[in-house]
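**Q** Residue numbers (this note's numbering), protein chains in the order written: chain A, 3 to 445; chain B, 6 to 351.
Positions of the beta carbon are idealized from the N, C-alpha and C atoms, including for glycine.
If you're wondering where the values come from, they're calculated on a predicted model, not measured in any experiment.
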Amino acid sequence: MDDLVLARSLFGTTMGFHIIFATLGVGLPLMILVAELIYQKTKDDHYAIMAKRWTKAQAVLLGVAIPTGTIAGTQLALLWPGFMEVIGRVMSLPFQIEIYAFFVEALFMSIYVYAADRLSPAMRIVAVFFVLVGAAASAVLITNVHAFEGTPAGFKILNGKITDVDPWAAFFNPSFFITAGHVVLSAFMTGAFIVASVAAYKMIRTRKKEKVYRFHRKALLLALTIGGIFSLLTALNGHESAQMLYEYQPEKLAGAEGLFETKSHAPLAIGGFTDPNEEKVKWAIEIPWALSFLAANRFDTVVKGLNAFPRDEWPPLFIHTLFNAMVGVGMLLILYSIIGVVWRKVLKKDRFPTWLLVIFMTAGPFSLIGIEFGWIFACTGRQPWVIYHLLKTSDVVTTTGSIGVLFLFFTFVYAVLGAAVVYVLLYYFRKHPVDEDLNTAES
Amino acid sequence: MEISTDALIAISIIWGFVFIYAVMATMDFGAGFWSMIYLNKEHMKATDIANRFLSPTWEVTNVFIVAIVVALFSFFPGATFVLGTVLLIPGSMILLLLAIRSGFLVFSNTAKERKTLRYISGISGFIIPAILILVLPVTHGGFIEKTDGIYNLNMSKIFSSPNAYSFIGFAILSTLFLSSLLLADVSNVAEEQDAYRAYRKSALITGPISLLFAVCIMVTMRNEANWLYSGMMNDFSWIIASFITFVIAGIALFLPNKSFGQNIGKPRLALVAIGIQYFLASYAYGRAHLPYMIYPDVTVMSGFTEPATFRALFATYIVAFIILFPGFFFFWKMFMRDKRYIRQEE
Numbered sequence: 003m004d005d006l007v008l009a010r011s012l013f014g015t016t017m018g019f020h021i022i023f024a025t026l027g028v029g030l031p032l033m034i035l036v037a038e039l040i041y042q043k044t045k046d047d048h049y050a051i052m053a054k055r056w057t058k059a060q061a062v063l064l065g066v067a068i069p070t071g072t073i074a075g076t077q078l079a080l081l082w083p084g085f086m087e088v089i090g091r092v093m094s095l096p097f098q099i100e101i102y103a104f105f106v107e108a109l110f111m112s113i114y115v116y117a118a119d120r121l122s123p124a125m126r127i128v129a130v131f132f133v134l135v136g137a138a139a140s141a142v143l144i145t146n147v148h149a150f151e152g153t154p155a156g157f158k159i160l161n162g163k164i165t166d167v168d169p170w171a172a173f174f175n176p177s178f179f180i181t182a183g184h185v186v187l188s189a190f191m192t193g194a195f196i197v198a199s200v201a202a203y204k205m206i207r208t209r210k211k212e213k214v215y216r217f218h219r220k221a222l223l224l225a226l227t228i229g230g231i232f233s234l235l236t237a238l239n240g241h242e243s244a245q246m247l248y249e250y251q252p253e254k255l256a257g258a259e260g261l262f263e264t265k266s267h268a269p270l271a272i273g274g275f276t277d278p279n280e281e282k283v284k285w286a287i288e289i290p291w292a293l294s295f296l297a298a299n300r301f302d303t304v305v306k307g308l309n310a311f312p313r314d315e316w317p318p319l320f321i322h323t324l325f326n327a328m329v330g331v332g333m334l335l336i337l338y339s340i341i342g343v344v345w346r347k348v349l350k351k352d353r354f355p356t357w358l359l360v361i362f363m364t365a366g367p368f369s370l371i372g373i374e375f376g377w378i379f380a381c382t383g384r385q386p387w388v389i390y391h392l393l394k395t396s397d398v399v400t401t402t403g404s405i406g407v408l409f410l411f412f413t414f415v416y417a418v419l420g421a422a423v424v425y426v427l428l429y430y431f432r433k434h435p436v437d438e439d440l441n442t443a444e445s
Numbered sequence: 006m007e008i009s010t011d012a013l014i015a016i017s018i019i020w021g022f023v024f025i026y027a028v029m030a031t032m033d034f035g036a037g038f039w040s041m042i043y044l045n046k047e048h049m050k051a052t053d054i055a056n057r058f059l060s061p062t063w064e065v066t067n068v069f070i071v072a073i074v075v076a077l078f079s080f081f082p083g084a085t086f087v088l089g090t091v092l093l094i095p096g097s098m099i100l101l102l103l104a105i106r107s108g109f110l111v112f113s114n115t116a117k118e119r120k121t122l123r124y125i126s127g128i129s130g131f132i133i134p135a136i137l138i139l140v141l142p143v144t145h146g147g148f149i150e151k152t153d154g155i156y157n158l159n160m161s162k163i164f165s166s167p168n169a170y171s172f173i174g175f176a177i178l179s180t181l182f183l184s185s186l187l188l189a190d191v192s193n194v195a196e197e198q199d200a201y202r203a204y205r206k207s208a209l210i211t212g213p214i215s216l217l218f219a220v221c222i223m224v225t226m227r228n229e230a231n232w233l234y235s236g237m238m239n240d241f242s243w244i245i246a247s248f249i250t251f252v253i254a255g256i257a258l259f260l261p262n263k264s265f266g267q268n269i270g271k272p273r274l275a276l277v278a279i280g281i282q283y284f285l286a287s288y289a290y291g292r293a294h295l296p297y298m299i300y301p302d303v304t305v306m307s308g309f310t311e312p313a314t315f316r317a318l319f320a321t322y323i324v325a326f327i328i329l330f331p332g333f334f335f336f337w338k339m340f341m342r343d344k345r346y347i348r349q350e351e
């Protein structure tokens with residue numbers, strides 16, 4: 003394998019691992035804040051206990067999120083020195099401002115966790131609010147660099163030299179708001195559905211203990227409600243994102259939809275696999291005219307196909323599958339939320355059947371799969387470019403070599419950290435079961 | 006060579022971050038190490054004291070290393086290109102150790118009974134400063150080779166360099182020294198006499214040895230990076246001043262103590278004096294290092310970013326300082342000054 007493939011594998015593995023913890027690091031603070039607010043309003047101890055337990059989980063997850071984020075940031079300069087030279091000149095603002103957001107998050111996270119007993123209720127809410135602001139802002143800012151790679155702005159390259167640099171124009175590049183919005187909304191959704199999964203599992207295990215069951219049912223309902231709201235918003239925003247591709251990165255849209263011929267009234271292919279030899283998506287359900295309509299709200303919209311672009315600039319064709327899986331997960335999770343809320347609030351049922359809880363248990367893993375597929379789609383779909391139509395990934399990769407060994411080392415360390423974080427979470431929550439917290443609250 | 010005001014501001018900001026991180030990180034890694042060493046002597050409370058400092062601060066400390074990396078490629082993209090290329094292997098080693106260390110630090114605080122977790126975190130943290138400091142001699146020149154326009158780091162040359170070993174020794178001893186001194190101060194505020202005595206003793210042993218390694222650095226630098234050596238010697242007054250503050254700190258550790266009623270020192274005074282000592286010494290180093298970022302290829306001017314980008318970045322620094330300062334003050338008040346936190350029973 004050449005250095006480019008190895009460097010991409012290493013960086014992709016880092017991001018794929020980091021994104022799990024980064025997403026939860028944005029999503030869980032929202033759940034904690036909502037639980038704190040409900041507690042202050044209703045004085046129902048259950049919500050205070052939820053906030054406390056989720057905070058503990060969040061603190062443990064940060065133990066992986068922070069160092070892997072440090073790795074990702076530094077690896078950019080180590081693996082892609084040519085890319086970071088351009089970023090340094092043109093697009094360093096979001097990185098710089100992200101540092102300030104990190105500080106806000108780190109300062110208030112410590113204050114919320116280690117000084118909670120010395121804070122007034124209002125100050126606790128302020129502290130956790132700032133944790134959420136810091137976490138969401140870092141997600142927005144780092145995603146902005148990704149947005150810039152797809153829709154670069156604020157500079158020109160003349161004879162290999164960078165000129166006419168306008169850092170704020172680069173910062174407010176065309177896809178900034180939509181792309182960053184997608185990441186933050188889907189993170190809120192994922193944080194909620196992970197909580198839903200755990201609550202559903204615990205409800206199956208505690209069917210005979212009414213008190214504990216009620217606690218987990220409250221958590222499940224809260225999670226499904228928040229998750230439902232944000233998966234709906236993510237879907238609406240996702241539609242905007244696709245229209246953005248139609249306008250700015252047509253070959254990525256063509257790859258995502260498996261469209262080869264440029265045409266109006268283009269059909270939407272759902273599912274299936276793109277076959278480059280037959281130039282079509284095999285085993286897909288086709289909805290006539292739908293792609294044209296989705297791309298720009300008119301059936302006679304002309305959507306560019308892959309054949310309109312030189313073959314060596316095509317994105318990899320598997321992105322169609324990733325794109326479909328991501329959208330499918332989003333739709334499924336909206337359905338989960340509707341079922342859960344209707345069951346409890348409309349049909350007024352106290353008990354959830356086991357089969358339904360087993361289905362809800364898949365909500366968290368599915369959201370994470372959606373996040374992973376979405377990122378892989380977004381990043382591999384931009385290839386062969388690192389900065390769209392300006393700079394190729396192969397031109398910025400490090401010349402140092404020996405990346406294969408590093409790839410093995412990093413993968414090993416991620417495996418160790420992944421295993422240890424699961425072990426520690428299980429160990430801690432087994433040692434401190436909910437019953438204990440509930441009893442303390444009552445006495 | 007003329008250095009523009011913009012480049013001077015930028016390099017000063019980076020120097021500031023490096024200094025803050027160096028001090029905070031040595032205290033942080035050192036505290037992790039001591040928390041491991043005293044793990045089986047529970048009555049001394051030395052582990053508790055170390056964790057009470059470490060738990061709320063490690064995240065904030067970690068942000069500073071990211072801040073250094075970001076400030077470096079934002080302000081000096083040209084230097085980052087060279088450093089990024091040559092530091093792939095050592096940089097990756099640091100990152101791997103940092104990941105293990107931070108992860109297991111949090112894990113060991115969560116699953117307190119599992120001592121293996123704390124050993125993994127303590128040992129990996131202890132190694133990090135030793136490798137991290139090697140970035141300094143790498144920038145002194147002599148270790149980076151350029152063939153056909155491609156930069157390459159000669160690792161075997163580093164591992165046969167007395168100067169590099171002096172830096173490694175200095176990093177390890179400074180880690181132990183600064184953290185013992187800090188934890189002595191925390192124990193003093195917490196009125197934990199056993200812990201205080203232990204940390205004061207470590208500080209008295211490691212302090213002079215770290216100074217010895219600093220002298221070794223200067224002696225070996227004379228051969229290996231003479232340009233830097235003569236630059237530092239030209240401004241000898243900074244080094245003298247730095248030595249005086251070291252002596253003051255030493256004396257402070259033998260002054261009468263208010264809580265324990267004997268002549269066993271005023272740790273706060275010693276800590277402040279040592280902070281000033283490291284500040285003066287690293288100022289002397291940084292000043293002599295100019296105008297080179299990486300000797301002799303990259304200067305602060307040749308690697309500097311676009312003027313428009315610099316102005317935008319600088320504006321964000323000012324806004325951020327105004328916004329973040331109250332946050333830092335509140336944080337310091339909650340954890341470093343509030344005796345309810347420092348004296349708490351676990």
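Go ahead and pull the three-state DSSP assignment for Tyr300(B).
**A** As a position in the second sequence, residue 300(B) is number 295, starting the count at 1. The answer is coil: DSSP assigns Tyr300(B) none of H, G, I, E or B.
**Q** Measuring CB to CB, does Leu183(B) end up less than 8 Å from Thr31(B)?
**A** Taking the second sequence and counting its residues from 1, one reaches residue 183(B) at position 178. Taking the second sequence and counting its residues from 1, one reaches residue 31(B) at position 26. Cβ distance < 8 Å, so Leu183(B) and Thr31(B) count as in contact.
**Q** Pull up the distance between the alpha-carbon of Asn279(A) and that of Leu261(A), whole angstroms please.
**A** The count along the first sequence starts at 1 and reaches residue 279(A) at position 277. The count along the first sequence starts at 1 and reaches residue 261(A) at position 259. Asn279(A) and Leu261(A): Cα-Cα distance of roughly 13 Å.
**Q** Consider the Cβ of Ala451(A): report whether some Cβ of chain B lies at a distance smaller than 8 Å.
**A** In this structure chain A extends from 3 to 445, so residue 451(A) is not present and cannot be described.
**Q** Under 8 Å, Cβ to Cβ, is there at least one residue of chain A near Gly89(B)?
**A** The residue you call residue 89(B) lines up with position 84 of the second sequence. Interface residue, yes.
**Q** The alpha helix (DSSP H) that contains Lys54(A), what's its start and end?
**A** Locating residue 54(A) in the first sequence gives position 52, where the first residue counts as 1. Element bounds for Lys54(A): 47-81.
**Q** Flag this pair as yes or no: are the beta carbons of Ala298(A) and Gln245(A) separated by less than 8 Å?
**A** Here the question's residue 298(A) lines up with position 296 in the first sequence. Here the question's residue 245(A) lines up with position 243 in the first sequence. In this structure, Gln245(A) lies closer than 8 Å to Ala298(A) by Cβ.
**Q** Note down the Cα distance separating Pro154(A) from Pro317(A), rounded to an integer number of angstroms.
**A** Locating residue 154(A) in the first sequence gives position 152, counting from the first residue. Locating residue 317(A) in the first sequence gives position 315, counting from the first residue. If you take the alpha carbons of Pro154(A) and Pro317(A), they lie about 18 Å apart.
**Q** Going by CA-CA distance only, name the one from Ser287(B), Pro261(B), Ala286(B), Phe251(B) that's closest to Val277(B).
**A** Stepping through the second sequence from its first residue, residue 277(B) is reached at position 272. The residue with the shortest Cα to Cα distance from Val277(B) is Phe251(B).
**Q** By DSSP, does Leu276(B) sit in helix, in strand, or in coil?
**A** Taking the first residue of the second sequence as 1, we reach residue 276(B) at position 271. Helix.
**Q** Tell me which same chain residues have a C-beta within less than 6 Å of the C-beta of Glu351(B), skipping the five on either side of it?
**A** As a position in the second sequence, residue 351(B) is number 346, starting the count at 1. Note that Glu351(B) scores 43 on pLDDT, short of 50, meaning its location in the model is unreliable; the coordinates nonetheless yield the value given after this. Around Glu351(B): Asp53.
**Q** For Ile279(B), which of Ser165(B), Asn239(B), Tyr26(B), Leu187(B) has the nearest alpha-carbon?
**A** As a first step, residue 279(B) must be located in the second sequence, where it is residue number 274. Checked all of Ser165(B), Asn239(B), Tyr26(B), Leu187(B); the closest Cα to Ile279(B) is Leu187(B).
**Q** In terms of residue numbering, what span does the beta strand (DSSP E) encompassing Lys163(A) cover?
**A** The residue labelled residue 163(A) in the question sits at position 161 within the first sequence. Note, Lys163(A): beta strand (DSSP E), 163-165.
**Q** Return yes when the Cβ of Glu196(B) is within less than 8 Å of the Cβ of Arg348(B), no when it is not.
**A** On the second sequence, residue 348(B) is found 343 positions in, with the first residue counted as 1. On the second sequence, residue 196(B) is found 191 positions in, with the first residue counted as 1. Closer than 8 Å, so yes.
**Q** Could you check whether the stretch 312-319 of chain B touches the stretch 206-224 of chain B, counting it as contact only if at least three pairs of C-beta atoms, one from each stretch, sit closer than 8 Å?
**A** Counting Cβ pairs under 8 Å, fewer than three are found: no touch.
**Q** Listed from N- to C-terminal order along the chain, which residues in the stretch 87-98 of chain A have their beta-carbon within a distance smaller than 8 Å of any beta-carbon of chain B?
**A** Per Cβ criterion, the list reads Glu87, Val88, Ile89, Gly90, Arg91, Val92, Ser94, Leu95, Phe97, Gln98.
**Q** Pull up the DSSP beta-bridge partners for Lys394(A), would you.
**A** Position 392 of the first sequence, counting from 1, holds the residue named residue 394(A). According to DSSP, Lys394(A) bridges with Trp387(A).
**Q** Per DSSP, Phe275(A) forms a beta bridge with which residues?
**A** Against the first sequence, residue 275(A) aligns to sequence position 273. Looking at the DSSP assignment, Phe275(A) forms a beta bridge with Lys284(A).
**Q** Which residue marks the beginning of the alpha helix (DSSP H) containing Ile149(B), and which one marks its end?
**A** Translated into the one-based positions of the second sequence, residue 149(B) becomes position 144. Here Ile149(B) belongs to no alpha helix (DSSP H); instead the beta strand (DSSP E) covers 149-152.
**Q** Indicate whether at least one CB of chain A lies closer than 8 Å to the CB of Ala12(B).
**A** Mapped onto the second sequence, residue 12(B) falls at position 7. Chain A contact via Cβ: absent.
**Q** In the DSSP output, what is Lys158(A) paired with across the bridge?
**A** For this step, residue 158(A) is matched to residue 156 along the first sequence. BP columns for Lys158(A) point to Thr165(A).
**Q** Could you work out which residues of chain A lie near Val74(B), taking near to mean beta carbons separated by less than 7 Å?
**A** What you label residue 74(B) is simply residue 69 of the second sequence in a count that begins at 1. The contacting residues are Gly75, Thr76, Ala79.
**Q** What does the alpha-carbon distance come out to for the pair Lys213(A) and Val436(A)?
**A** The sequence position of residue 213(A) within the first sequence is 211, counting from 1. The sequence position of residue 436(A) within the first sequence is 434, counting from 1. The straight-line gap from Cα to Cα measures roughly 10 Å.
**Q** Flag Ala365(A) as yes when its Cβ comes closer than 7 Å to any non-hydrogen atom of the ligand MN, and as no otherwise.
**A** No copy of the ligand MN occurs in the structure displayed, which carries no ligand at all.
**Q** How about Arg91(A) and Thr90(B): are their beta carbons less than 8 Å apart?
**A** Taking the first residue of the first sequence as position 1, residue 91(A) is located at position 89. Taking the first residue of the second sequence as position 1, residue 90(B) is located at position 85. No, these two residues do not count as a Cβ contact at 8 Å.
**Q** Taking the continuous alpha helix (DSSP H) assigned at Leu158(B), which residues delimit it?
**A** As a first step, residue 158(B) must be located in the second sequence, where it is residue number 153. It is not in any alpha helix (DSSP H) - Leu158(B) instead sits in the beta strand (DSSP E) that spans 155-158.
**Q** Residues of chain B with a CB under 9 Å from the CB of Pro69(A): which are they?
**A** On the first sequence, residue 69(A) is found 67 positions in, with the first residue counted as 1. The answer, in chain order, is Asn67, Leu100, Leu103, Ala104, Ile105, Arg106, Ser107, Gly108.
**Q** Could you check which residue in Val194(B), Asn168(B), Gly270(B), Leu122(B) has the C-alpha nearest to that of Leu233(B)?
**A** What you label residue 233(B) is simply residue 228 of the second sequence in a count that begins at 1. Among Val194(B), Asn168(B), Gly270(B), Leu122(B), the Cα nearest to that of Leu233(B) is on Asn168(B).
**Q** Measuring only the C-alpha atoms, how far is Ala135(B) from Leu187(A)?
**A** Walking along the second sequence from the start, residue 135(B) turns up at place 130. Walking along the first sequence from the start, residue 187(A) turns up at place 185. So the alpha carbons of these two residues sit roughly 42 Å apart.
**Q** Applying the 10 Å Cβ sphere with the 16-neighbour rule, what's the burial state of Phe105(A)?
**A** For this step, residue 105(A) is matched to residue 103 along the first sequence. The residue is buried, with at least 16 neighbouring Cβ atoms inside 10 Å.
**Q** If you count every other CB in all the chains shown that lies within 10 Å of the CB of Phe38(B), and 16 or more means buried, which is it?
**A** Taking the second sequence and counting its residues from 1, the one referred to as residue 38(B) is at position 33. The residue in question, Phe38(B), is buried, as its Cβ has 16 or more Cβ neighbours within 10 Å.
**Q** Given a limit of 8 Å on CB to CB distance, which residues of the stretch 7-26 of chain A reach chain B?
**A** For the stretch 7-26 of chain A, which is checked against every Cβ of chain B, not one residue is closer than 8 Å.
**Q** Using a Cβ-Cβ distance cut-off of 8 Å, determine whether Asp470(A) contacts chain B.
**A** As shown, chain A starts at 3 and ends at 445. That puts residue 470(A) outside it, with no answer to give.
**Q** In chain order, which continuous runs of the alpha helix (DSSP H) of length 4 or greater are located wholly inside the stretch 327-369 of chain A?
**A** List check, alpha helix (DSSP H) in window: 356-363.
**Q** With contact counted as at least three CB pairs below 8 Å, one residue from each stretch, are the stretch 7-24 of chain A and the stretch 58-76 of chain A in contact?
**A** Judged by Cβ distances under 8 Å, the stretch 7-24 of chain A makes contact with the stretch 58-76 of chain A, as three or more pairs qualify.
**Q** Would DSSP call Leu270(A) helix, strand or coil?
**A** Here residue 270(A) refers to the residue found at position 268 of the first sequence. Correct three-state label for Leu270(A): strand.
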